[in-house]
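Everything on this sheet refers to the single structure shown next.
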Amino acid sequence: MGKRVLFILIACALLSQLLGFTKRRRVLRAEYLRLLTEARALLLQYSVRGWPDVLAKWERRAKFAPWTLLQYFARVTQRKLGGMGSLGDVVISGKGRSEEEANNQLLAIVGSLYAVTTKIVGPNGTQSV
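Note that the working numbering has the sequence shown beginning at 15, numbered continuously upward.
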């Protein structure tokens with residue numbers, strides 16, 4: 015009887031750990047999708063061309079992708095956040111709202127996207143969750 019109880023306890027511990035990973039993955043996916051949506055909405059508000067379509071495509075792909083595919087999409091996103099022609103290179107010019115405020119908001123979103131994609135792909139591009 016003791017071995018059976020020990021087995022049940024170990025199984026419960028493993029299941030609990032698995033459910034914790036699943037919950038964390040859901041939270042990270044939701045944050046990634048929220049930031050993509052927020053960036054797209056801001057860029058659409060200022061009639062920025064090109065990037066809103068790219069972000070919408072990333073949202074569609076990431077919404078139901080298996081975790082390993084989501085990690086791939088997160089790595090692609092990371093590569094597109096910095097450098098010439100990147101999302102971080104976009105400068106918004108005003109349409110009634112402060113240009114500086116809009117650009118600061120976009121930079122904050124880009125920084126948050128980098129942080130969440132780093133959590134998704136893990137350090138050195140390996141699975142962290």
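Backbone N, C-alpha and C define an ideal beta-carbon position, used for all residues, glycine too.
{"Check": "Burial state of T36 (16 or more Cβ within 10 Å)", "Outcome": "exposed"}
{"Check": "The alpha helix (DSSP H) enclosing K133, as first and last residue numbers", "Outcome": "113–135"}
{"Check": "Boundaries (first-last residue) of the alpha helix (DSSP H) holding D103", "Outcome": "Looking at the DSSP string, D103 is not in any alpha helix (DSSP H), and its letter there is neither H nor E."}
{"Check": "Reference E115; option with closest CA among Y60, L47, R48, R89", "Outcome": "Y60"}
{"Check": "Rounded Cβ spacing between A88 and T131 (contact assumed at less than 8 Å)", "Outcome": "4 Å"}
{"Check": "Simplified DSSP state of Y60, which is helix, strand or coil", "Outcome": "coil"}
{"Check": "L69 to L58 span [Cα, whole Å]", "Outcome": "11 Å"}
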